[in-house]
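Chemist: Chains as they are written, first to last, in the working numbering: chain A, 2 to 269; chain B, 11 to 351. Just so you know, even glycine gets a beta-carbon here, dropped at the ideal spot from N, CA and C.
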Amino acid sequence: MSALLEIRHLSIGYRTDGGLLRAVDDVSLTVPAGQTVGLVGESGSGKSTLALAVTRLLPSPPAEMLGGAILFEGRDLLNATTQELQAIRGGQIGYVFQEPATSLNPVYTVGTQLLEAIHLHTPHRGAAATEYAVDLLTRVGMPDPAQRLRAYPHELSGGMKQRVMLAMAIAAQPKLLIADEPTTALDVTIQVQILQLLQRLQDELSLSLLFISHDWHLVESLADSVGVMQTGRLVEFGPRDVVLRQPTHPYTRHLLQSVPAVPWLEGP
Amino acid sequence: MADPRLLELRDVTVTFPVRAGPWRRVAGQVRAVDRVNLSVASGESLGLVGESGCGKTTLAKVAAALLKPSSGEVWFEGERLSAMTGSRLRQMRRRWQLIFQDPANALNPRFTVRQAIEEPLIIHRLDGTVADRRNTVAALLDKVGLAETFADRLPSELSGGERQRVVIARALAVQPRLLICDEPIASLDVSIGAQMLELLRDLQRREHLSYLFISHDLRSVASMAHRVAVMYLGAVVEVASTEALFRVPWHPYTELLLRSAFQPLSAQGVAGGEAPSALHLSSGCRFRARCPLAEQICVDQEPALIPKNPPYEPALRLAPPSVGLAQGSASPRLVACHKRP
Ligand SMILES: Nc1ncnc2c1ncn2[C@@H]1O[C@H](COP(=O)(O)OP(=O)(O)OP(=O)(O)O)[C@@H](O)[C@H]1O
Ligand SMILES: Nc1ncnc2c1ncn2[C@@H]1O[C@H](COP(=O)(O)OP(=O)(O)OP(=O)(O)O)[C@@H](O)[C@H]1O
Ligand code: SF4
Ligand SMILES: [Mg+2]
Ligand SMILES: [Mg+2]
């Protein structure tokens, strides 16, 4: 089992007025080809910072790489050229960002933005590109996909925007999908559809997935291995069942216990 | 006793124009909210759940007087919003606050955390001296679990969850009676999310605050809400006390929702069928394309929607929602379904 993505001793800081803030502190983790790694943890613990760092999406300043390596198919992305990185972003590595509203441009229609991704990273052109765009929106469960191509982001609900982001991220059939809370704005029945879609893509394209979530139910459904972050550190990393059933770190146990119980309904 | 209802929506409908073709001409109307009747009593939490795109945020905006309904009425403390003068409405606006779904858009990127929290204080002339304001901001940040050192940061320097806590702190600044929370904790980790819910429940106990609580996370709804309303394609299809709804869902959509949330992915059927659309509502029941119980009558006739002034009063004894409340006091539930009336 070869590692598609390997992060070694990565540390990232932010320059602030109050000095250097170590947002990611000596983190090492591996995403094997075709597998899913779930990343959970404290709010503000550096999950998004880590995710964005993989293809160097963090603006510097204020972000600073303090050390470590990010190997994608064996190549260190910290030494990659700007052109190489541009080809990889949205090409071999797709992203779903945490806040869909800020990653869609409000002045362009959904279609314009989706077609731009298709033009940049796939051979589809003209009518075939439009057809592919509709196909992508259908796959992510968008109601009235052809109609929605002409919609502006503000005309879509939160969950619909998130589905557009997901469609853009899988447009190029990436090898690795980095999804930062990809389904938080979606209702559970749509979540199930998206998860099934991700699993299907995983089988069809041997897609690997690094996904960040606050939802243990999701992590349990999807992840092969699980990492837990707290204040910049990866405090636990291992196979899903071990982390969920026999967590070693107290913070993991604390997180697992924080899930609100539904007294009337445990069990089916 | 006076009408216990703080907020009341009567037959509220919201339509948006749908544009199509290269020139984006108006080609039709989408009913984002369809004849909705709901009320929130003083001190009550009403949960609102439903499909993505079913109209929850639109309804929240109507309730917060940020959007005028196409038809229907919104009443707050016995006054009709559309009958209020501009100055009265401005005066009333601090009595409710809306916590938006998307924390990134809710904060002005050029305002520091301190400025963001001070802004509503200044608008509503609650500001006092500079020292008062400093203390208020520090106290509010503390309430949401942020150190005072965050006050001088910009939104771009915060994580998603930190931003959402600032949004909550700002909403609390004007001491509202009703908080309309649209996915308030979706971006928080479970531990801080649980703390925020505890904070909201605590504020409710101490200050008799009411909530309209919108969430996809049924667990937090179960722990927050006294009653739950379920929406599907613009309409409310079921209203019941939280316990009744979770124990025995009546509407087939509610049933599907609970199954999706609480059963492992491997136990779910393959989700099939067309994605539901408010643009093309079929005749009869709006859920029939996905409903396992659908029969001819569901094609021929739309089931009666939840009526105005429903004949129940909220089962509301202000115990923490997930404890007390339940036994015996369960209010009759209302369901918009031919087969589960
Ligand atoms: N541009 C920035 N300048 C300064 N500090 C920042 C900046 N961006 C993020 N931070 C800080 O870095 C830390 C990590 O942030 P990050 O967004 O990676 O957290 P996260 O784990 O994704 O949290 P969440 O679950 O809330 O989204 C936080 O404490 C945040 O305040
Ligand atoms: N300004 C607008 N113009 C046109 N259509 C709109 C507008 N705002 C919302 N809609 C449509 O109204 C419907 C309801 O949207 P709304 O945002 O209320 O859904 P929601 O229940 O909050 O969904 P989510 O759970 O995904 O946030 C959707 O079909 C959406 O596309
Ligand atoms: S009215 Fe018919 S189609 Fe609609 S939910 Fe009830 S049984 Fe299903
Ligand atoms: Mg994040
Ligand atoms: Mg919404």
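Tell whether a beta-carbon distance below 8 Å holds between Ser214 (chain A) and Ala34 (chain A).
Modeler: Translated into the one-based positions of the first sequence, residue 214 (chain A) becomes position 213. Translated into the one-based positions of the first sequence, residue 34 (chain A) becomes position 33. Cβ distance not < 8 Å, so Ser214 (chain A) and Ala34 (chain A) don't count as in contact.
Chemist: When the Cα atoms are used, what is the spatial distance from Trp260 (chain B) to Ala250 (chain B)?
Modeler: Numbered from 1 along the second sequence, position 250 holds the residue referred to as residue 260 (chain B). Numbered from 1 along the second sequence, position 240 holds the residue referred to as residue 250 (chain B). Rounded to whole angstroms, Trp260 (chain B) to Ala250 (chain B) spans 9 Å at the Cα level.
Chemist: Is the Cβ-Cβ distance between Ala181 (chain B) and Lys153 (chain B) less than 8 Å?
Modeler: Here residue 181 (chain B) refers to the residue found at position 171 when the second sequence is read from its first residue. Here residue 153 (chain B) refers to the residue found at position 143 when the second sequence is read from its first residue. Taking 8 Å as the Cβ cut-off, Ala181 (chain B) and Lys153 (chain B) do not qualify as a contacting pair.
Chemist: With a CB to CB cut of under 6 Å and the five nearest residues on each side skipped, what residues in its chain are close to Cys347 (chain B)?
Modeler: Within the second sequence, numbered from 1, the residue matching residue 347 (chain B) stands at position 337. Hits under 6 Å: His261 and Pro313.
Chemist: At least one CB of chain A closer than 8 Å to the CB of Asp199 (chain B): is that the case?
Modeler: On the second sequence, residue 199 (chain B) is found 189 positions in, with the first residue counted as 1. Judged by the 8 Å Cβ criterion, Asp199 (chain B) is in contact with chain A.
Chemist: Which residues of chain A have a Cβ atom closer than 7 Å to the Cβ of Ile202 (chain B), listed in chain order?
Modeler: Start at 1 with the first residue of the second sequence, and residue 202 (chain B) comes out as number 192. Correct list: Ser44.
Chemist: Would you call Ser92 (chain B) buried or exposed, if buried means 16 or more other Cβ atoms sit within 10 Å of its Cβ?
Modeler: Counting from one through the second sequence, the residue named residue 92 (chain B) turns up at place 82. Burial call: exposed.
Chemist: By Cβ distance, which residues of its chain are closer than 6 Å to Ile191 (chain A), with the 5 residues on each side in sequence left out?
Modeler: Taking the first residue of the first sequence as 1, we reach residue 191 (chain A) at position 190. Taken in chain order, the residues that qualify are Gly142.
Chemist: Quick one: is Gln306 (chain B) buried, meaning 16 or more other Cβ sit within 10 Å of its Cβ, or exposed?
Modeler: Here the question's residue 306 (chain B) lines up with position 296 in the second sequence. Flag for Gln306 (chain B) reads exposed.
Chemist: Output yes or no for whether 8 Å exceeds the beta carbon distance between Val220 (chain A) and Leu167 (chain A).
Modeler: Position 219 of the first sequence, counted from the start, is the residue given in the question as residue 220 (chain A). Position 166 of the first sequence, counted from the start, is the residue given in the question as residue 167 (chain A). Taking 8 Å as the Cβ cut-off, Val220 (chain A) and Leu167 (chain A) do not qualify as a contacting pair.
Chemist: Give a yes or no on whether 8 Å exceeds the smallest Cβ distance from Leu335 (chain B) to chain A.
Modeler: Stepping through the second sequence from its first residue, residue 335 (chain B) is reached at position 325. Because Leu335 (chain B) sits at a pLDDT of 38, beneath the cut-off of 50, its placement in the model cannot be relied upon, and the point is left open.
Chemist: List the residues that DSSP assigns as beta-bridge partners of Gly42 (chain A).
Modeler: In the first sequence, counting from the first residue as 1, residue 42 (chain A) sits at position 41. DSSP output for Gly42 (chain A) lists A:Met230 as bridge partner(s).
Chemist: Around ligand 3, which residues pass a check of Cβ closer than 5 Å to any of its heavy atoms?
Modeler: Result (chain order): B:Pro262, B:Cys295, B:Phe297, B:Arg298, B:Cys301, B:Leu303, B:Ala304, B:Cys308, B:Pro313, B:Cys347, B:His348 and B:Lys349.
Chemist: Just tell me which of A:Leu187, A:Trp265 and A:Ala54 has its CA closest to the CA of Glu65 (chain A).
Modeler: Counting from one through the first sequence, the residue named residue 65 (chain A) turns up at place 64. Here the closest residue by C-alpha is A:Ala54.
Chemist: Quick one: complete beta strand (DSSP E) runs, 3+ long, within the region 27–89 of chain A?
Modeler: You should have 37–42 and 64–73.
Chemist: Can at least three beta-carbon pairs, one atom from the region 32–51 of chain A and one from the region 232–245 of chain A, be found at a separation below 8 Å?
Modeler: The region 32–51 of chain A, when compared against the region 232–245 of chain A, does touch it at the 8 Å Cβ threshold.
Chemist: Anything in chain B within Cβ reach of Met169 (chain A), meaning under 8 Å, just list it in chain order.
Modeler: Reading the first sequence from its first residue, position 168 is the one you call residue 169 (chain A). Residues of chain B passing the Cβ test: none, with the nearest at roughly 17 Å.
Chemist: Tell me, please, whether the region 185–195 of chain B touches the region 59–76 of chain B by the rule of three or more beta-carbon pairs shorter than 8 Å.
Modeler: Taking 8 Å as the limit for Cβ pairs, the verdict is that the region 59–76 of chain B does touch the region 185–195 of chain B.
Chemist: Ordered along the chain, which non-local residues of its own chain (more than five positions away) have a Cβ less than 7 Å from that of Leu198 (chain A)?
Modeler: Working through the first sequence from its first residue, we reach residue 198 (chain A) at position 197. Only Arg140 and Val141 meet the Cβ criterion.
Chemist: Judging by CA-CA distance, which residue of B:Phe272, B:Gly96, B:Leu243 and B:His226 is the nearest neighbour of Arg257 (chain B)?
Modeler: Numbered from its first residue, the second sequence carries residue 257 (chain B) at position 247. Here the closest residue by C-alpha is B:Phe272.
Chemist: What does DSSP give as the partner residues of Met241 (chain B) in its beta bridges?
Modeler: For the purposes of this step, residue 241 (chain B) is taken as the residue at position 231 of the second sequence. According to DSSP, Met241 (chain B) bridges with B:Gly60 and B:Val246.
Chemist: Let me see if you follow: with CB-CB separation under 8 Å, is Phe256 (chain B) close to chain A or not?
Modeler: For the purposes of this step, residue 256 (chain B) is identified with residue 246 of the second sequence, where counting begins at 1. Closer than 8 Å: yes.
Chemist: Please classify Ala37 (chain B): is it buried, with 16 or more other beta-carbons within 10 angstroms of its beta-carbon, or exposed?
Modeler: In the second sequence, residue 37 (chain B) corresponds to position 27, counting from 1. By the neighbour-count rule (16 or more Cβ atoms within 10 Å), Ala37 (chain B) is not buried but exposed.
Chemist: For Ile13 (chain A) and chain B, any beta-carbon pair shorter than 8 Å?
Modeler: Reading the first sequence from its first residue, position 12 is the one you call residue 13 (chain A). No, Ile13 (chain A) does not count as interfacial toward chain B.
Chemist: Am I right that Glu248 (chain B) and Val345 (chain B) are in contact with their C-beta atoms under 8 Å? What's the rounded C-beta distance?
Modeler: In the second sequence, counting from the first residue as 1, residue 248 (chain B) sits at position 238. In the second sequence, counting from the first residue as 1, residue 345 (chain B) sits at position 335. Contact holds; Cβ gap of about 5 Å.
Chemist: Can you confirm whether the region 112–126 of chain A touches the region 146–164 of chain B when touching is taken to mean that 3 or more C-beta pairs between the two stretches lie within less than 8 Å?
Modeler: No, the region 146–164 of chain B does not touch the region 112–126 of chain A.
Chemist: With distances taken between CB atoms, is the gap from Ile171 (chain A) to Gly239 (chain A) smaller than 8 Å?
Modeler: Within the first sequence, numbered from 1, the residue matching residue 171 (chain A) stands at position 170. Within the first sequence, numbered from 1, the residue matching residue 239 (chain A) stands at position 238. In this structure, Gly239 (chain A) does not lie closer than 8 Å to Ile171 (chain A) by Cβ.
Chemist: Taking the continuous beta strand (DSSP E) assigned at Asn47 (chain B), which residues delimit it?
Modeler: Here the question's residue 47 (chain B) lines up with position 37 in the second sequence. Per DSSP, Asn47 (chain B) belongs to the beta strand (DSSP E) from Arg35 to Ala51.
Chemist: Any heavy atom of ligand 2 closer than 7 Å to the beta-carbon of Lys78 (chain B)?
Modeler: Taking the first residue of the second sequence as 1, we reach residue 78 (chain B) at position 68. No - ligand 2 has no heavy atom lying nearer than 7 Å to the Cβ of Lys78 (chain B).
Chemist: Taking the alpha-carbon of Leu115 (chain A) as reference, which of A:Asn80, A:Ala152 and A:His250 has the nearest alpha-carbon?
Modeler: Along the first sequence, read from residue 1 onward, the residue named residue 115 (chain A) stands at position 114. The shortest Cα separation from Leu115 (chain A) among A:Asn80, A:Ala152 and A:His250 belongs to A:Ala152.
Chemist: 8 Å is my cut-off, CB to CB: does Ser233 (chain B) come that close to chain A?
Modeler: Within the second sequence, numbered from 1, the residue matching residue 233 (chain B) stands at position 223. For Ser233 (chain B), the answer is yes, since a Cβ of chain A falls inside 8 Å of its Cβ.
Chemist: Is DSSP giving Trp260 (chain B) helix, strand or coil here?
Modeler: Residue 260 (chain B) sits at position 250 when you count from the first residue of the second sequence. Note: Trp260 (chain B) maps to coil in three-state DSSP.
Chemist: What residues in the region 52–67 of chain B bring their beta carbon closer than 9 Å to a beta carbon of chain A?
Modeler: Those residues of the region 52–67 of chain B that come within reach of chain A (Cβ to Cβ, closer than 9 Å) are Val59, Gly60, Glu61, Ser62, Gly63, Cys64, Gly65, Lys66 and Thr67.
Chemist: Is Arg201 (chain A) helix, strand or coil by DSSP?
Modeler: One-based indexing of the first sequence puts residue 201 (chain A) at position 200. Three-state DSSP puts Arg201 (chain A) in a helix.
Chemist: Taking Cβ to Cβ, would you say Ile315 (chain B) is nearer than 8 Å to Arg45 (chain B)?
Modeler: Along the second sequence, one-based indexing puts residue 315 (chain B) at 305. Along the second sequence, one-based indexing puts residue 45 (chain B) at 35. The sequence shown places Leu at residue 315 (chain B), rather than the Ile named in the question. Yes, the pair counts as a contact, with Cβ atoms nearer than the cut-off.
Chemist: Measure the CB-CB distance between Ala24 (chain A) and Thr56 (chain A) and report whether it falls below 8 Å.
Modeler: Indexing the first sequence from 1 puts residue 24 (chain A) at position 23. Indexing the first sequence from 1 puts residue 56 (chain A) at position 55. Not in contact: Ala24 (chain A) and Thr56 (chain A) (Cβ atoms no closer than 8 Å).
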